[in-house]
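First to last, the sequence lines map onto chains E and B.
So for the first sequence, numbering that gives the first Met the number 0 puts the first residue at 0; every next one is plus one.
So for the second sequence, numbering that gives the first Met the number 0 puts the first residue at 0; every next one is plus one.
Presented below is the structure to which this report refers.
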Amino acid sequence: MSGRPLVLCADDDEDNLTLVALRLERAGFDVARAGDGEEAIEAARTLRPAVVVLDVMMPKLTGLEVLEALRADEAFADVKVVLLSARVQESDVERGLGAGADAYLAKPFRAGELVAAIEELLR
Amino acid sequence: MSKGTSIASLSSSEPAVPAPPDRLRAGRAAWTFLAAGAVAIVAYFVVLPAHSNAQSVAFVLVGAASVTAICAGAIRHLPAGERLPWYLFAGGLGCQVVGDTIFAVYEIGLGREPGTPSAADAFYLAGYPLLAVGIFLILRRLGSQTSRAAVLDSLVVFFGVAIVQWVILIDPFRHADYLSETARYVSMAYPAVDVLLLVGFAQLLLGPGGRTVAYRLLLVSVGLWAVADEIYALDPSRYQGGDWIDALWLGSYVVWATAALEPSMARLALPDRRQLPRLTTPRLVLLGGALLVGPVLTVYEKARHGSNYAYEVAPFTAAIGVLVLLRLAGVVRAVEGARRSERAARHEAEQAQKLLARQNEQLVELDRLKDEFVSSVTHELRTPLTSISGYVEVLLDDEADGERRSYLEIIDRNADRLLGLVSDLLFSARLQDGRLELERLPVDLREIVEHAAASARPRAESARVALQVEAAALPPVLGEADRLAQLLDNLVSNAIKFTPAGGRVSVRLEGRDGTASIEVSDTGIGVPPDERERLFDRFFRSQTALERQIQGTGLGLYISKAIVEAHGGRIGVRSAEGEGTTFVVELPLAEDRS
Numbered sequence: 000m001s002g003r004p005l006v007l008c009a010d011d012d013e014d015n016l017t018l019v020a021l022r023l024e025r026a027g028f029d030v031a032r033a034g035d036g037e038e039a040i041e042a043a044r045t046l047r048p049a050v051v052v053l054d055v056m057m058p059k060l061t062g063l064e065v066l067e068a069l070r071a072d073e074a075f076a077d078v079k080v081v082l083l084s085a086r087v088q089e090s091d092v093e094r095g096l097g098a099g100a101d102a103y104l105a106k107p108f109r110a111g112e113l114v115a116a117i118e119e120l121l122r
Numbered sequence: 000m001s002k003g004t005s006i007a008s009l010s011s012s013e014p015a016v017p018a019p020p021d022r023l024r025a026g027r028a029a030w031t032f033l034a035a036g037a038v039a040i041v042a043y044f045v046v047l048p049a050h051s052n053a054q055s056v057a058f059v060l061v062g063a064a065s066v067t068a069i070c071a072g073a074i075r076h077l078p079a080g081e082r083l084p085w086y087l088f089a090g091g092l093g094c095q096v097v098g099d100t101i102f103a104v105y106e107i108g109l110g111r112e113p114g115t116p117s118a119a120d121a122f123y124l125a126g127y128p129l130l131a132v133g134i135f136l137i138l139r140r141l142g143s144q145t146s147r148a149a150v151l152d153s154l155v156v157f158f159g160v161a162i163v164q165w166v167i168l169i170d171p172f173r174h175a176d177y178l179s180e181t182a183r184y185v186s187m188a189y190p191a192v193d194v195l196l197l198v199g200f201a202q203l204l205l206g207p208g209g210r211t212v213a214y215r216l217l218l219v220s221v222g223l224w225a226v227a228d229e230i231y232a233l234d235p236s237r238y239q240g241g242d243w244i245d246a247l248w249l250g251s252y253v254v255w256a257t258a259a260l261e262p263s264m265a266r267l268a269l270p271d272r273r274q275l276p277r278l279t280t281p282r283l284v285l286l287g288g289a290l291l292v293g294p295v296l297t298v299y300e301k302a303r304h305g306s307n308y309a310y311e312v313a314p315f316t317a318a319i320g321v322l323v324l325l326r327l328a329g330v331v332r333a334v335e336g337a338r339r340s341e342r343a344a345r346h347e348a349e350q351a352q353k354l355l356a357r358q359n360e361q362l363v364e365l366d367r368l369k370d371e372f373v374s375s376v377t378h379e380l381r382t383p384l385t386s387i388s389g390y391v392e393v394l395l396d397d398e399a400d401g402e403r404r405s406y407l408e409i410i411d412r413n414a415d416r417l418l419g420l421v422s423d424l425l426f427s428a429r430l431q432d433g434r435l436e437l438e439r440l441p442v443d444l445r446e447i448v449e450h451a452a453a454s455a456r457p458r459a460e461s462a463r464v465a466l467q468v469e470a471a472a473l474p475p476v477l478g479e480a481d482r483l484a485q486l487l488d489n490l491v492s493n494a495i496k497f498t499p500a501g502g503r504v505s506v507r508l509e510g511r512d513g514t515a516s517i518e519v520s521d522t523g524i525g526v527p528p529d530e531r532e533r534l535f536d537r538f539f540r541s542q543t544a545l546e547r548q549i550q551g552t553g554l555g556l557y558i559s560k561a562i563v564e565a566h567g568g569r570i571g572v573r574s575a576e577g578e579g580t581t582f583v584v585e586l587p588l589a590e591d592r593s
């Protein structure tokens, strides 16, 4: 299992989370799941994923807050972060990329796009 | 005279500017009368023997001619309803003529002057109120001297003149033992009625601005008459018919008549609408002079006769003082009032500004809330759509061709449509706020056109519509590629939607005079003329679209127009019903290579 990169997915919408996980598993990644922002940070600390895919609008901590926490921590310097959000205005995208996201994808997403973006980041 | 000549020369040398002949004659009549009057006055002294009967007759004739001329002028220049003041002048001066006539009859017929008092005195005295009322009416029609301040000024002048007349001209006759009691009263009456004329003169002097020639003539004539009267009144016993003072009275007659004949008498001055007459220099001189009258008179009389008019002068001076005080109080109050209302206005303006600022804050807040609302609604719609499209995609991956796959494709397509609708709604909400900020990057339109055509091709094929593309290589357009792609997608998919099977949609891109022209034509049902203007309105749906149940939201063209305009371009439509529609977009090219 160690050969496959670990992707941590965080989304408060169970159905969306399952969909993302399913898509990534089918694409050959190891996948860990988190149901909100706090869980996402905990899981990131213990599991050390290569990539974190964050929904933005989550309870407790938003995706942006998780992203900021990760970016503030030296230990996560190499972690790639993808924001996957239904908030699609230019201002949202700018704010996400400004906070240090490596990619910003809009929901609904095409599986191919998401996988391609992650593979690109891991190359 | 100079005016008469200039008008005459104007009409002869410059026929291009014809003066109305009627006016010309009227103007000339006034100056002719003045000239004739001047000649008559000179003849009165030079040709006629001094203190002769001929002089008495001439005096009466000049007066009678002037009175006639005043009536003629009034009839000529004024409508019937406005002649009264001039008739009063004619009446007032006419009384003088009658008095003079009685005098002449006595001198010529009886060889002596009439006694004092005589019928002549009755006419002389009766004339003054008529003249004064005439002046008053004229000023009132001009709206002058009717405000409270002007009335105060008039009263000040009245009291000032009255006390001078009393002390210098009237009171001495009280003690003229050489006269009968009646004669004394009559002699006192002359300076008394002169007060009316002097006040009238002061009123005219202070009257409105924009004075015409006729107004000035009237002023001169009243002034001449008043001065002659005053000089006469200083020592009536020394006066004899044919004295030089006669020139003043005769002059007054003639100038008065000239004023009446001058066409500008119809509109003597600009109407005066001021509530508070300005304290002009003449006005201040009059007010100040009136204040000085009391002290000066007292000193003068004391020095000259050793007599003292304390009991007469004091009340008049006090009255004048009070009136001047009231007058100045009026000015001060008006200034204070103006300052108060200015302060109030400023206060109001500040309040209004604060209110505006508050409303502005509320608007900004509302704007933010609306933004937030649109944003979260979009988010809430997109989240379930993510699951629907996502899982359908998963199922489609696993499903081979067959009936089930085609059903899944239908779900997928409709989820896409729903997503497009959500995007358009969000976009149009932002357009409503006037917030479409574009990037300004070079965009290759040919690429955009070809890409739009390529992605529309499957839809065209399934609708059995031929899709032709002709795209020239052009310099770039400055703008945002995503928005221009959205524009092309909208136009091309619209064209396909409205074209029946077997039809053709063609997209053409070409450059012309620094402008990129994109034409999207179809062979569809066309747009009726009455719908063309509203075609780009928000949520507008054409009748045919509704009847034929062609899907849409009425946002596509609205958004397209906004995108084109944000790029500094234009969009229009050509259509013949039943033959098809062409949308034409023109966008400015970044540089002109042609």
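From the three backbone atoms N, C-alpha and C, an ideal C-beta is built for every residue, glycine too.
Computed from a prediction, not measured in an experiment: that's the story for all the values here.
Looking at the backbone, the Cα of residue 381(B) and that of residue 520(B) are separated by about 34 Å.
One finds 109, 110 in chain E with Cβ atoms closer than 8 Å to the Cβ of residue 392(B), taken in chain order. Here residue 8(E) is near residue 33(E), since their CB atoms are less than 9 Å apart. With 16 or more other Cβ atoms from the protein chains shown falling within 10 Å of its own Cβ, residue 479(B) counts as buried. Cβ-Cβ distances below 8 Å link residue 428(B) to 369, 373 in the same chain, with the five nearest sequence neighbours on each side left out; the list follows chain order. Counting along the chain, residue 105(E) sits inside the beta strand (DSSP E) bounded by residues 102-105.
As computed with DSSP, residue 44(B) is found in no beta bridge at all. Under the DSSP assignment, residue 542(B) falls in the alpha helix (DSSP H) whose first and last residues are 542-546.
Contact check between the segment 69-89 of chain B and the segment 257-271 of chain B: three or more CB pairs, one atom from each, fall below 8 Å, which counts as touching. Per the coordinates, the alpha-carbon of residue 490(B) lies some 9 Å from the alpha-carbon of residue 451(B). With respect to the 9 Å criterion, residue 39(E) and residue 78(E) are not classified as neighbours on the basis of their beta carbons. Taking 9 Å as the threshold, the shortest C-beta distance from residue 410(B) to chain E does not fall below it. Residue environment: residue 409(B) is assigned as exposed (fewer than 16 neighbouring CB atoms within 10 Å of its CB, all protein chains considered).
In this structure, DSSP gives residue 200(B) a helical state, which the three-state scheme calls helix. Contact annotation: the segment 322-330 of chain B does not touch the segment 184-193 of chain B, with fewer than three C-beta pairs closer than 8 Å. Beta-bridge pairing by DSSP links residue 467(B) to 505(B).
Rounded to whole angstroms, residue 24(E) and residue 494(B) show a C-alpha spacing of 42 Å.
When secondary structure is reduced to three states using DSSP, residue 54(E) falls in the coil class, being assigned neither helix nor strand. The residue from 2(E), 83(E), 18(E), 47(E) with its alpha-carbon nearest to that of residue 393(B) is 18(E). Contacts between residue 21(E) and chain B, judged by CB atoms closer than 7 Å, involve 393 in chain order. In this structure, the CA atom of residue 418(B) is about 15 Å from the CA atom of residue 553(B). Burial of residue 229(B) is indicated by the presence of at least 16 other C-beta atoms within 10 angstroms of its C-beta. The continuous stretches of beta strand (DSSP E) do not include residue 426(B), which lies in the alpha helix (DSSP H) extending over residues 402-431. About 17 Å separates the Cβ atoms of residue 192(B) and residue 247(B), ruling out a contact at the 8 Å cut-off.
For residue 314(B), the enclosing alpha helix (DSSP H) has its first and last residue at 309-397.
Runs of the alpha helix (DSSP H) spanning 4 or more residues and lying entirely within the segment 158-197 of chain B occur at 170-173, in chain order. Non-local C-beta neighbours of residue 211(B) in its own chain, meaning closer than 8 Å and more than five positions away in sequence, comprise 261, 263, 264, 266, 267, 268, ordered along the chain. By the Cβ neighbour-count rule, residue 300(B) is buried, with 16 or more other Cβ atoms within 10 Å of its own. Cβ neighbours of residue 136(B) within its own chain (closer than 8 Å, five residues either side excluded): 83, 84, 87.
Taking C-alpha positions only, residue 106(E) is separated from residue 526(B) by approximately 36 Å. The DSSP-derived three-state label of residue 135(B) is helix. DSSP, read as helix, strand or coil, puts residue 479(B) in coil.
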